[in-house]
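J.:
Structure (structure tokens):
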């Protein structure tokens, strides 16, 4: 069995009441749901793949490698099996129950989703996601990130970090804005993070990766959409691409003073 649906459904039952009230935005963490052998096979597929380099900023705001899948047929076999789970009705029903968001739609084109890889000295600065899948004209509402990393060392950085800013009178992009990392989640193998994505859900990893040669931060990412989104989700001009904050926020006084760490 590739995926433990019974365990997932039980975990969702336990977590759904607290999901909406988590700070700084709704999220949940699930461990050990997928067959570890299948994830090993996906890592082998990634080793043999030739993915495009995706560098969007001269300031190192986002330096990563990602797949350019356009449909199920373009996925390697084991990668396809996992996405068949994550895009399947049974999985989606549980995500709906967890999030309380009805009418969720999967993306058959893998726009921005698929395989994501960050190598040594790579970065993924804190950001909010783009709002729209333009081909389908739908609004992004949920992220699901499945990590593939064996034996991730806590000193390598690359945690999934959840951030918020504290001065509502200033733009988040103001250099005087004060930022806090609320939570750091270790990107270990077979860990699934599901969270509500909108203009409030700042996430990424603010520091560069510090990994040995040959080690990469690997994940599979799926996005879920609805035909519209509530006004409470919107701060910035809509639609927009991912909006990034400079990595220097991690160096500001007090940024990590009260950070919860999930290992």
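Numbering (the working numbering), first residue to last: 433 to 695. The C-beta atom is built at its ideal place from N, Cα and C for all residues, glycine as well.
1) Beta-carbon within less than 7 Å of residue 436's beta-carbon, same chain only, minus the 5 sequence neighbours each way: which residues are those?
2) What span of residues does the alpha helix (DSSP H) with residue 755 cover, start to end?
3) Can you tell me the Cα-Cα spacing of residue 608 and residue 564, whole angstroms?
4) Sorted by chain position, which residues of the same chain lie with C-beta nearer than 6 Å to residue 653's C-beta, five sequence neighbours on each side aside?
5) Work out the CA separation of residue 689 and residue 617 for me, nearest whole Å.
6) Going by the CB atoms, is the gap between residue 542 and residue 567 shorter than 8 Å?
7) Since residue 561 and residue 452 should fall inside the 8 Å C-beta cutoff, what is the C-beta to C-beta distance between them, to a whole number of angstroms?
8) Please tell me whether residue 526 and residue 579 are closer than 8 Å, where the distance is taken between their beta carbons.
9) From residue 632 to residue 457, what distance separates their C-alpha atoms?
10) Since residue 557 and residue 679 should fall inside the 8 Å C-beta cutoff, what is the C-beta to C-beta distance between them, to a whole number of angstroms?
11) Within the same chain, show all residues whose beta-carbon is closer than 8 Å to that of residue 524, passing over the 5 residues directly before and after it, in chain order.
12) Verify the contact flag: residue 649, CB atom, against every heavy atom of the ligand NAD, threshold strictly below 7 Å.
13) Does any residue of chain D have a CB that is nearer than 8 Å to the CB of residue 581?
14) Could you compute how far the alpha carbon of residue 522 sits from the alpha carbon of residue 693?
15) For a quick check, are the C-beta atoms of residue 573 and residue 629 less than 8 Å apart?
16) Residue 664 by DSSP, collapsed to three states: which one?
T.: Once the coordinates are examined:
1) In the chain shown, residue 436 corresponds to position 4, counting from 1. Counting only Cβ-Cβ distances below 7 Å, and skipping sequence neighbours, we find 465.
2) What is shown of the chain runs 433 to 695, which leaves residue 755 out entirely.
3) Numbered from its first residue, the chain shown carries residue 608 at position 176. Numbered from its first residue, the chain shown carries residue 564 at position 132. Between residue 608 and residue 564, the C-alpha separation is close to 29 Å.
4) Along the chain shown, read from residue 1 onward, the residue named residue 653 stands at position 221. So the qualifying residues of the chain are 545, 548 and 577.
5) Mapped onto the chain shown, residue 617 falls at position 185. Mapped onto the chain shown, residue 689 falls at position 257. Straight-line Cα distance between these residues: approximately 16 Å.
6) Taking the first residue of the chain shown as 1, we reach residue 567 at position 135. Taking the first residue of the chain shown as 1, we reach residue 542 at position 110. No, these two residues do not count as a Cβ contact at 8 Å.
7) Here residue 561 is taken as the residue at index 129 of the chain shown, counted from 1. Here residue 452 is taken as the residue at index 20 of the chain shown, counted from 1. So it is not a contact: roughly 19 Å between Cβ atoms.
8) Taking the chain shown and counting its residues from 1, one reaches residue 526 at position 94. Taking the chain shown and counting its residues from 1, one reaches residue 579 at position 147. No; because the gap between Cβ atoms is not below 8 Å, this pair is not in contact.
9) Here residue 632 refers to the residue found at position 200 when the chain shown is read from its first residue. Here residue 457 refers to the residue found at position 25 when the chain shown is read from its first residue. Each residue's alpha carbon lies about 7 Å from the other.
10) Sequence index remark: in the chain shown, residue 557 carries index 125 (1-based). Sequence index remark: in the chain shown, residue 679 carries index 247 (1-based). Indeed they touch by this definition, with Cβ atoms about 5 Å apart.
11) Counted from its first residue, the chain shown places residue 524 at position 92. Cβ within range, chain order: 536, 538 and 656.
12) The ligand NAD is absent from the structure shown, which contains no ligands of any kind.
13) No chain D appears in this structure, which consists of one protein chain only.
14) For the purposes of this step, residue 522 is taken as residue 90 along the chain shown, with counting starting at 1. For the purposes of this step, residue 693 is taken as residue 261 along the chain shown, with counting starting at 1. Between residue 522 and residue 693, the C-alpha separation is close to 31 Å.
15) Within the chain shown, residue 573 is the residue found at index 141, counting from 1. Within the chain shown, residue 629 is the residue found at index 197, counting from 1. Against a cut-off of 8 Å, the Cβ pair of residue 629 and residue 573 comes out as a contact.
16) By 1-based counting over the chain shown, the position of residue 664 is 232. It is helical.
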